[in-house]
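Chemist: The opening position of the sequence shown corresponds to residue 1 in my numbering, with each subsequent residue numbered one higher. Ideal Cβ placement from N, Cα and C applies to all residues, glycine included. Keep in mind the model is a prediction, meaning the values are calculated, not measured. Sending over a structure as structure tokens; questions will come in a sec.
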Amino acid sequence: MTKNQEEKMNKLVEQLNEYAYRYYVLDDPSVADNVYDRLYDELVSLERDTGVVLEHSPTRRVGGEPIKAFGSHTHINRLYSLDKCQSFDELRAWDAKVKKAVGNVLYTLEYKLDGLTLVLTYENGKLKGAATRGNGVVGEDVTEQARTIRSIPLTIPFGGVAEAKGECIMRRSAFRKYNELTDEPLKNPRNAAAGAIRNLDPKITASRKLDLIFYDVNFIDGEDIETQSDGVTWLKNNKFKTEMLSTTSDIEEIISQIKNVNRDALDFDIDGMVIKIDDYSIREKLGFTDKFPRWAIAYKFEAEETTTVLKDVIWQVGRTGKLTPLAILDPVVLCGATVRRATLNNYGDILRKRVKKNCTVFIRRSNDVIPEILAAAEGTGDGDIQLPSVCPACGAKLVEYGAHIFCPNSNGCRPQIVAKLSHFVSKSCMDIDGLSDKTLELFFDELGVTQAYELYDITPDRLINLDSFKEKKSENICKAIENSKSVKLSAFINALGIPNVGKKLADDLAEHYGSLDALMAASKEELSAIDDIGDIVASDIFGYFSEKRDFINKLLSKGIKIVSTKKSEGIFSGEYVVLTGTLSSMTRGKASEIIEAQGGKVQSSVTKETTLVVAGENAGSKLAKAQATGKKIINESEFLSLINA
Numbered sequence: 001m002t003k004n005q006e007e008k009m010n011k012l013v014e015q016l017n018e019y020a021y022r023y024y025v026l027d028d029p030s031v032a033d034n035v036y037d038r039l040y041d042e043l044v045s046l047e048r049d050t051g052v053v054l055e056h057s058p059t060r061r062v063g064g065e066p067i068k069a070f071g072s073h074t075h076i077n078r079l080y081s082l083d084k085c086q087s088f089d090e091l092r093a094w095d096a097k098v099k100k101a102v103g104n105v106l107y108t109l110e111y112k113l114d115g116l117t118l119v120l121t122y123e124n125g126k127l128k129g130a131a132t133r134g135n136g137v138v139g140e141d142v143t144e145q146a147r148t149i150r151s152i153p154l155t156i157p158f159g160g161v162a163e164a165k166g167e168c169i170m171r172r173s174a175f176r177k178y179n180e181l182t183d184e185p186l187k188n189p190r191n192a193a194a195g196a197i198r199n200l201d202p203k204i205t206a207s208r209k210l211d212l213i214f215y216d217v218n219f220i221d222g223e224d225i226e227t228q229s230d231g232v233t234w235l236k237n238n239k240f241k242t243e244m245l246s247t248t249s250d251i252e253e254i255i256s257q258i259k260n261v262n263r264d265a266l267d268f269d270i271d272g273m274v275i276k277i278d279d280y281s282i283r284e285k286l287g288f289t290d291k292f293p294r295w296a297i298a299y300k301f302e303a304e305e306t307t308t309v310l311k312d313v314i315w316q317v318g319r320t321g322k323l324t325p326l327a328i329l330d331p332v333v334l335c336g337a338t339v340r341r342a343t344l345n346n347y348g349d350i351l352r353k354r355v356k357k358n359c360t361v362f363i364r365r366s367n368d369v370i371p372e373i374l375a376a377a378e379g380t381g382d383g384d385i386q387l388p389s390v391c392p393a394c395g396a397k398l399v400e401y402g403a404h405i406f407c408p409n410s411n412g413c414r415p416q417i418v419a420k421l422s423h424f425v426s427k428s429c430m431d432i433d434g435l436s437d438k439t440l441e442l443f444f445d446e447l448g449v450t451q452a453y454e455l456y457d458i459t460p461d462r463l464i465n466l467d468s469f470k471e472k473k474s475e476n477i478c479k480a481i482e483n484s485k486s487v488k489l490s491a492f493i494n495a496l497g498i499p500n501v502g503k504k505l506a507d508d509l510a511e512h513y514g515s516l517d518a519l520m521a522a523s524k525e526e527l528s529a530i531d532d533i534g535d536i537v538a539s540d541i542f543g544y545f546s547e548k549r550d551f552i553n554k555l556l557s558k559g560i561k562i563v564s565t566k567k568s569e570g571i572f573s574g575e576y577v578v579l580t581g582t583l584s585s586m587t588r589g590k591a592s593e594i595i596e597a598q599g600g601k602v603q604s605s606v607t608k609e610t611t612l613v614v615a616g617e618n619a620g621s622k623l624a625k626a627q628a629t630g631k632k633i634i635n636e637s638e639f640l641s642l643i644n645a
């Protein structure tokens, strides 16, 4: 080993141990997981090349040391971590090695939940204790904290001794709700779960609304469990929540399912998928390395979260006049894309997350759009972010309303006007193709278009002289504007930009009233009596139609014809339908249109009202909830048979 290699190895070990201490012991991570993983892999490579493993290297242990404030618990069977791969070729190579050793096998595929591993011990049908994984042999006794998790059964039908292993998580919905109400925002759901379990006060644990998803029987006395599938069945039969996805012997089928996983559709974080050999007897033949079982592997996704430096915050003006802070970041790669900007909610959000200029921030990918800032690392940053007093676009004096600030210059503020026009022409509204924000800015600057109805006065000869506009492009845009004059009632309502009315509520209002005149004549009391509309939204709708009649009349005077979208009777009449998973024959949007055209109502989540669930491939938590609550469930083939009958 060269001196340079020795120095590098010592530096990596010291750095990784410090990161692990902050994460596992203090519950205060200083870097994102992908940063730690990259350094860890670099250390593993050095150790492999030199043949030297330092005594205090993190590669020598399975997990962190137990916190001394808790009692210790010795697991009946040792808990191992999993080997990992980050490419499908690596996964195929692992499959080939398995099959060379033991022949064809059946695999299970499940989510790699991003939380904290817990092992629960039961005796005589009662919960005896709960413990963290710790170093794999001895963990921390966290029984009182675990008792606060409502998804953990306090009693089970099985009367012998058993250890059930699962992942403690904080669901995304619970995480968001918690952060909205606290002065100390949590960094991410996994850290939130780990910190809650390791908090000495069970009341703190309870406040996080944690969940526990079980995936393995670590020990059982008196019953024979021969496969992973049998183990999951045993867990289900004994009141444990599980999330196993599928079984197959075809590694290409597993790869296909991994490709189709929609992480954004889940209410919990996953950082990969776990592939295991189903048969326990085959597992015994393959055995273990010093750290990993040879019969399982984790396919790791690209990180959805990372850290970078926030350079500044600018304020953007939206179509309602609301100013939203936008963070300017040191460029960083996240989910394969270079990220330079991230969202913050409002000035209060900046203060709660302690965001400053030049601070280190945790950022997270969210639904394939601009990432959001979760929190700033403590002790970083050197300049406070100032709340603006005038609009950065037009100079108007800003006004505060609730937690937000607004520009009141609705008829003269360029970004407000362009944003309103952009919403009006969007696909779910008037659906005018070819009108990008850049084009609409040009219309504002060169043609003086400030109101939606003025779009219908544009002619090809007015466009032909604009930059980048030629005869064909000018004609196509005017044709698209003309075609938009025949519009569904629901799309027209959405296009108006009524405060607090989006596509879903616009659909409901169109269905309920059947015509624009009937909707405009509705009283606040009538509106508030509709499902999902409260007094505030009813006032917004009523107020809009009271103030904007002249605007609406000018729109209609341009020849716009509104088509009623009141639903007809059909095969889904009276049904409240939830779509979940991936449909191969059509998009979920198209399926929703078909259901609504046949008299049904599409819901976004499973509720007491739900009467039918259509489950496509890789259906997740919605399907599980439907199964648990006894809802009627059909697959895509059955759905197609219904609509094509």
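If you scan the region 65–108 from start to end, which runs of the beta strand (DSSP E) of 3 or more residues do you find wholly inside it?
Modeler: As far as the region 65–108 is concerned, its whole beta strand (DSSP E) runs of at least 3 residues are 72–74.
Chemist: Between which two residues does the alpha helix (DSSP H) containing Asp433 stretch?
Modeler: Segment: none, Asp433 is in no alpha helix (DSSP H) and carries neither H nor E.
Chemist: Check the DSSP bridge columns for Thr289 and list the partner residues they point to.
Modeler: Thr289 pairs with nothing; no bridge assigned.
Chemist: Who are the Cβ neighbours of Leu405 in its own chain at under 6 Å, not counting the five residues just before and after it?
Modeler: In the sequence as displayed, the identity of residue 405 is Ile instead of Leu. If we look at Ile405 and ignore the five residues flanking it on each side, its Cβ neighbours are Leu323, Leu398.
Chemist: What residues match up with Glu272 in a beta bridge as DSSP calls it?
Modeler: The question names Glu, yet the displayed sequence has Gly at residue 272. In DSSP, Gly272 forms a bridge with Lys112, Lys300.
Chemist: Can you tell me which of Leu421, Asp431, Met430, Ser207 puts its alpha carbon nearest to the alpha carbon of Lys438?
Modeler: Cα-wise, what sits closest to Lys438 is Leu421.
Chemist: Could you please give me the residues that DSSP links to Glu305 through a beta bridge?
Modeler: DSSP lists Arg364 as partners of Glu305.
Chemist: Kindly indicate the opening and closing residues of the beta strand (DSSP E) around Pro325.
Modeler: Note, Pro325: beta strand (DSSP E), 323–334.
Chemist: Helix, strand or coil for Asp550? Go by DSSP, reduced to three states.
Modeler: Reduced to three states, the DSSP call for Asp550 is helix.
Chemist: Which partner residues does Gln316 have in the DSSP bridge list?
Modeler: The partner list for Gln316 (beta bridge, DSSP) reads Thr324.
Chemist: What residue does the alpha helix (DSSP H) around Val53 start on, and which one ends it?
Modeler: Unbroken run through Val53: none, as it is neither H nor E.
Chemist: Any idea what DSSP makes of Gly195, helix, strand or coil?
Modeler: In the structure shown, Gly195 sits in a helix (DSSP, three-state: H, G or I).
Chemist: Buried or exposed: where does Leu351 fall if 16 or more other Cβ atoms within 10 Å of its Cβ makes it buried?
Modeler: Exposed, by the Cβ-count rule.
Chemist: Pick from Asp28, Gly502, Gly497: whose alpha carbon is nearest that of Pro189?
Modeler: Checked all of Asp28, Gly502, Gly497; the closest Cα to Pro189 is Asp28.
Chemist: Would you identify the three-state DSSP class for Val355, choosing helix, strand or coil?
Modeler: DSSP places Val355 in coil when its eight states are reduced to three.
Chemist: With which residues is Lys397 paired in a DSSP beta bridge?
Modeler: Lys397 pairs with Val390.
Chemist: When we look at the beta-carbon of Ala96 and count the other beta-carbons within 10 Å, is it buried (16 or more) or exposed?
Modeler: So Ala96 ends up on the exposed side.
Chemist: Given Gln15, which residues of its chain have a CB within under 7 Å of its CB, disregarding the five upstream and five downstream residues?
Modeler: Excluding sequence neighbours, Gln15 sits near Leu39.
Chemist: Could you name the residues of the same chain whose beta carbon sits closer than 7 Å to that of Lys524, not counting the 5 residues immediately before and after it, in chain order?
Modeler: Contacts found: Ala538, Ser539, Phe542.
Chemist: Could you name the residues of the same chain whose beta carbon sits closer than 6 Å to that of Leu286, not counting the 5 residues immediately before and after it, in chain order?
Modeler: Once the five neighbours on either side are set aside, the close Cβ partners of Leu286 are Arg294, Trp295.
Chemist: Cα separation between Thr306 and Thr74?
Modeler: The straight-line gap from Cα to Cα measures roughly 34 Å.
Chemist: Pop quiz: Phe240 and Phe214 are said to be a contact at Cβ under 8 Å. What is the actual Cβ separation, rounded to whole angstroms?
Modeler: That pair is a contact at about 4 Å.
Chemist: What residues in its chain sit with their C-beta under 7 Å from that of Met1, if we drop five residues either side in the sequence?
Modeler: Thr50, Val52.
Chemist: Mapping the DSSP letters down to three states, classify Asp211 as helix, strand or coil.
Modeler: Looking at Asp211 - three-state DSSP - the assignment turns out to be strand.
Chemist: Pick out the complete beta strand (DSSP E) segments inside the region 567–623, 3 residues or longer, and give them in chain order.
Modeler: You should have 576–580, 601–603, 612–615.
Chemist: Hey, would you say Ile594 sits closer than 8 Å to Ile533, going by beta carbons?
Modeler: Against a cut-off of 8 Å, the Cβ pair of Ile533 and Ile594 comes out as no contact.
Chemist: Determine the contact status of Ala228 and Ser246, defining contact as a CB-CB distance below 8 Å.
Modeler: Note on residue identity: the sequence assigns Gln, not Ala, to residue 228. Cβ distance not < 8 Å, so Gln228 and Ser246 don't count as in contact.
Chemist: My parser needs the beta strand (DSSP E) runs of 3 or more residues fully inside the region 114–151; what are they?
Modeler: Whole beta strand (DSSP E) segments, 3+ residues: 116–123, 126–132, 138–140.
Chemist: Considering Cα atoms alone, identify which of Phe158, Asn135, Glu184 is closest to Val217.
Modeler: It is Phe158.
Chemist: Have a look at Asn179 and Thr343 and give me their C-alpha separation to the nearest angstrom.
Modeler: For Asn179 and Thr343, the distance between alpha carbons rounds to 15 Å.
Chemist: Taking Val563 as part of the beta strand (DSSP E), name the residues at either end of that continuous run.
Modeler: Here the beta strand (DSSP E) through Val563 covers 561–563.
Chemist: Taking DSSP's pairing of strands, which residues face Pro168 in a bridge?
Modeler: For clarity, residue 168 is Cys in the given sequence; the question names Pro instead. Paired residue(s): Leu116, Leu212.
Chemist: On the DSSP letters alone, give me the boundaries of the beta strand (DSSP E) that Ser246 sits inside.
Modeler: That run of the beta strand (DSSP E) goes 244–248.
Chemist: According to DSSP, is Pro202 helix, strand or coil?
Modeler: Note: Pro202 maps to helix in three-state DSSP.
Chemist: Could you check which residue in Ile363, Gly321, Glu441 has the C-alpha nearest to that of Arg340?
Modeler: Arg340 has its Cα closest to that of Ile363, out of Ile363, Gly321, Glu441.
Chemist: Answer with buried or exposed for Pro499, where buried requires no fewer than 16 other C-beta atoms within 10 angstroms of its C-beta.
Modeler: Exposed.
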